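Q: Going by mature numbering (1 follows the signal peptide of the UniProt record, and there is no 0), the letters in the sequence shown line up with residues -24 to -1, 1 to 307, in that order.
Glycine included, C-beta positions come from ideal geometry on N, C-alpha and C.
Quantities reported herein were computed from a predicted structural model and do not represent experimental measurements.
Here it is, the structure, as structure tokens.
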Amino acid sequence: MPIQFTGRARIVRAMLAATTLAFAAVSASATAQSLGDKPVRLIVPTQPGSQADAVARAISDTMGKKLGHPVVVENIAGAGGVPGTQQIVRAPKDGFTLGLISSNHVINPFIYKSLPYDALKDITPITVVGTLPLVLVVNPSVEAKTTGELIALLKSKPGALNYGSSGNGTVLHLAGQLFLTEAGANAKHIPYKGAGNYTTDLLSGQVQLGFLTVPAVLPLIKAGKLRAIAVSTPERVPTLPDLPTLAESGLPRYSFDAWLAIVGPAGMDKRNVDDVQGKIKATLDERAVRDSLANQGVVIVGSGPSEAAPFLKRELDKHGRIVRQAGATLN
């Protein structure tokens, strides 16, 4: 015999159902709010004030709004970025820990005898944020005004001129090594501990030539303190439109720039990766962000994961060849 509910029982049952639904709604709202408050760690394996750090801080606020979670920039510096990268690869695969890596990521496997991670297998490439063109400059005391004249001078005085860099195995070192290799010329490499001391000696003439980033070199060129010879990228730089590339100046195979990419730990869910990349791309499309990065000399790329992965593999292979040519090592 079916159970018959009295009027009072039906009212009680309805009240219980309404209470259950209300509790579920409150619980769901609280969970959503909790997730929304959870920050995304954006680990930068360099010191505060570095180029990578400046780019991370230029995009973090807008990126956080796109993701729906605040983005907190965390600097873990030292040892060429190895400790910071180690934190990235060991992080949970939930998308709440990302890393902004630089060209050093594909240089380190060749200048350190051992690393606590694999540069390709232990990361999930998400996007290449942008590239950083370099400028070949000389001290004004150097007679050469073009790439051809500089190469001729180097060949006429093998090993007599010095080229500087921010350190053994750094991007600026390898850009110089590639230039000498492609030119078939010779110069003595003088490594410094950072770009500051190197730039000082370049200005004083202690070293005669080398590469610098566009933001670092632009005011020095305009002031006549350094002479620009050519840019490292395949295409000319918008802020130096009259300056030719090395490729169009007699070294057709020369192409070199620094870059920044956002990655996560290996094994991230593809849907999560695609979603994060889309939000970062939307961030890079914002006018204020684009202007800020342009002022830092960044050429925005914003590539997808399917493009970022082969890019990193090509860069790893290229930098491996240059490091072997330079004979660079750190331990």
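Across the region 98 to 111 and the region 237 to 246, are there enough close Cβ pairs to call them in contact, namely three or more that are closer than 8 Å?
A: In short, these stretches touch, since the Cβ pair count reaches three.
Q: Can you grab the Cα-Cα spacing for the pair Thr259 / Met39, in whole Å?
A: Start at 1 with the first residue of the sequence shown, and residue 259 comes out as number 283. Start at 1 with the first residue of the sequence shown, and residue 39 comes out as number 63. Looking at the two C-alpha atoms, the distance is approximately 5 Å.
Q: CB-CB under 6 Å to Ile127, same chain, minus the five flanking residues each way: which ones, in chain order?
A: Counting from one through the sequence shown, the residue named residue 127 turns up at place 151. Cβ within range, chain order: Ala159, Ala161.
Q: Using CA coordinates, which residue listed in Ile256, Ile19, Tyr139 is at the minimum distance from Leu179?
A: The count along the sequence shown starts at 1 and reaches residue 179 at position 203. Ranking the options by Cα distance to Leu179, first place goes to Tyr139.
Q: Is the separation between the beta-carbon of Pro220 and that of Ala206 shorter than 8 Å?
A: Position 244 of the sequence shown, counted from the start, is the residue given in the question as residue 220. Position 230 of the sequence shown, counted from the start, is the residue given in the question as residue 206. For Pro220 and Ala206, yes; Cβs fall inside 8 Å.
Q: Tell me which residues share the same chain as Leu288 and place their Cβ nearer than 6 Å to its Cβ, disregarding the 5 neighbours each side in the sequence.
A: Residue numbering aside, residue 288 sits at position 312 when the sequence shown is read from its first letter. Answer for Leu288: Pro101, listed in chain order.
Q: I'd like the ranges of any alpha helix (DSSP H) spanning at least 4 consecutive residues and lying wholly in the region 218 to 286.
A: Taking only runs of at least 4 residues, the alpha helix (DSSP H) segments lying wholly in the region 218 to 286 are 246 to 260, 263 to 271.
Q: Along the chain, where does the alpha helix (DSSP H) containing Ser132 start, and where does it finish?
A: Here the question's residue 132 lines up with position 156 in the sequence shown. First-last of the alpha helix (DSSP H) with Ser132: 123 to 132.
Q: So for Lys164, helix, strand or coil by DSSP?
A: If you number the sequence shown from 1, residue 164 lands on position 188. Looking at Lys164 - three-state DSSP - the assignment turns out to be strand.
Q: Bridge partners of Phe86, per DSSP?
A: Walking along the sequence shown from the start, residue 86 turns up at place 110. Looking at the DSSP assignment, Phe86 forms no beta bridge with any residue, so it has no partner.
Q: Provide the residue span of the beta strand (DSSP E) that contains Tyr139, from first to last.
A: Position 163 of the sequence shown, counted from the first residue, corresponds to residue 139. That run of the beta strand (DSSP E) goes 138 to 141.
Q: Mind checking which residues open and close the alpha helix (DSSP H) that includes Ala30?
A: Translated into positions along the sequence shown, residue 30 becomes position 54. Looking at the DSSP string, the run of the alpha helix (DSSP H) that includes Ala30 is 27 to 43.
Q: Within 10 Å of its beta-carbon, does Thr189 have 16 or more other beta-carbons around it, so buried, or fewer, so exposed?
A: Here residue 189 refers to the residue found at position 213 of the sequence shown. By the 10 Å Cβ count, Thr189 comes out buried.
Q: Please look up how many angstroms separate the CB atoms of Met79 and Val147, rounded, as I've assumed it's under 8 Å.
A: Residue 79 sits at position 103 when you count from the first residue of the sequence shown. Residue 147 sits at position 171 when you count from the first residue of the sequence shown. Sequence check: residue 79 is Ser here, not Met. Yes, Ser79 and Val147 are in contact; Cβ-Cβ is about 5 Å, under 8 Å.
Q: Do you know whose CA, among Pro21, Phe187, Gly44, Leu269, lies nearest Val58's CA?
A: Within the sequence shown, numbered from 1, the residue matching residue 58 stands at position 82. Considering only alpha carbons, the answer is Pro21.
Q: For my contact list, Ala163 and Leu110 are in at a C-beta cut-off of 8 Å; report their separation, rounded to the angstrom.
A: In the sequence shown, the residue the question calls residue 163 occupies position 187. In the sequence shown, the residue the question calls residue 110 occupies position 134. Not quite, the Cβ-Cβ distance comes to about 16 Å (not below 8 Å), so this is no contact.
Q: Let me know the secondary structure DSSP gives Glu211 once reduced to three states.
A: Taking the sequence shown and counting its residues from 1, one reaches residue 211 at position 235. Residue state, collapsed to three classes: coil.
Q: Would you call the region 254 to 270 and the region 40 to 50 touching, i.e. three or more CB-CB distances under 8 Å?
A: Yes: the two stretches touch, three or more of their Cβ pairs being nearer than 8 Å.
Q: Given Gly124, which residues of its chain have a CB within under 8 Å of its CB, disregarding the five upstream and five downstream residues?
A: Walking along the sequence shown from the start, residue 124 turns up at place 148. So the list reads Ser225, Gly226, once near-sequence residues are dropped.
Q: In the DSSP assignment, the beta strand (DSSP E) including Glu50 goes from what residue to what residue?
A: In the sequence shown, residue 50 corresponds to position 74, counting from 1. 47 to 51 is the span of the beta strand (DSSP E), which, as asked, contains Glu50.
Q: My guess is that Gly60 and Ile19 are in contact by the Cβ rule of under 8 Å, so how many angstroms apart are they, rounded?
A: As a first step, residue 60 must be located in the sequence shown, where it is residue number 84. As a first step, residue 19 must be located in the sequence shown, where it is residue number 43. Between Ile19 and Gly60 the Cβ distance is about 5 Å, and since that is below 8 Å, they are a contact.
Q: Using CA atoms only, rank isn't needed, just tell me which of Leu236, Thr209, Gln272, Gln184 is closest to Lys201.
A: Along the sequence shown, one-based indexing puts residue 201 at 225. Closest option to Lys201, Cα to Cα, is Gln184.
Q: When the Cα atoms are used, what is the spatial distance from Val114 to Ser279?
A: Translated into the one-based positions of the sequence shown, residue 114 becomes position 138. Translated into the one-based positions of the sequence shown, residue 279 becomes position 303. The alpha-carbon atoms of Val114 and Ser279 are separated by roughly 34 Å.
Q: Using the rule of at least 16 other Cβ atoms within 10 Å of the residue's Cβ for burial, across every protein chain shown, is Asp233 buried or exposed?
A: Within the sequence shown, residue 233 is the residue found at index 257, counting from 1. With 16 or more Cβ atoms within 10 Å of its Cβ, Asp233 is classed as buried.
Q: If I measure Cβ to Cβ from Leu156 and keep anything under 8 Å in the same chain, skipping five residues before and after, which residues do I get?
A: Translated into the one-based positions of the sequence shown, residue 156 becomes position 180. So the qualifying residues of the chain are Leu130, Tyr139, Asn162, Ala163.
Q: If you follow the alpha helix (DSSP H) that Val20 is in, where does it begin and where does it stop?
A: The sequence position of residue 20 within the sequence shown is 44, counting from 1. From DSSP, Val20 is part of no alpha helix (DSSP H) but of the beta strand (DSSP E) over 16 to 20.
Q: At which residues does the alpha helix (DSSP H) containing Leu196 begin and terminate?
A: By one-based count along the sequence shown, residue 196 stands at place 220. Segment 190 to 198, the alpha helix (DSSP H) holding Leu196.
Q: Have a look at Arg17, Val47, Val265, Gln27 and flag the residue whose alpha-carbon is nearest the alpha-carbon of Leu108.
A: Start at 1 with the first residue of the sequence shown, and residue 108 comes out as number 132. Nearest of Arg17, Val47, Val265, Gln27 to Leu108, Cα basis: Gln27.
Q: Going by DSSP, what residues sit across from Arg203 in a beta bridge?
A: As a first step, residue 203 must be located in the sequence shown, where it is residue number 227. Beta-bridge pairing links Arg203 to Val114.
Q: Is the CB-CB distance between Ile52 and Ala237 below 8 Å?
A: Locating residue 52 in the sequence shown gives position 76, counting from the first residue. Locating residue 237 in the sequence shown gives position 261, counting from the first residue. The answer is no: Cβ separation not under 8 Å.
Q: Is the CB-CB distance between Ala34 and Val193 below 8 Å?
A: Along the sequence shown, read from residue 1 onward, the residue named residue 34 stands at position 58. Along the sequence shown, read from residue 1 onward, the residue named residue 193 stands at position 217. Not in contact: Ala34 and Val193 (Cβ atoms no closer than 8 Å).
Q: Using the three-state DSSP reduction, which class does Leu288 fall into: helix, strand or coil?
A: Stepping through the sequence shown from its first residue, residue 288 is reached at position 312. Leu288 falls in the helix class under three-state DSSP.
Q: Looking at the structure shown, is Thr61 part of a helix, part of a strand, or coil, going by DSSP?
A: The count along the sequence shown starts at 1 and reaches residue 61 at position 85. Note: Thr61 maps to helix in three-state DSSP.
Q: What residue range does the beta strand (DSSP E) around Gly75 cover?
A: Taking the first residue of the sequence shown as 1, we reach residue 75 at position 99. Run containing Gly75: 73 to 78, per the beta strand (DSSP E) assignment.
Q: When DSSP labels each residue in this structure, what does Gly135 get in the three-state scheme?
A: Locating residue 135 in the sequence shown gives position 159, where the first residue counts as 1. Here Gly135 sits in coil by DSSP.
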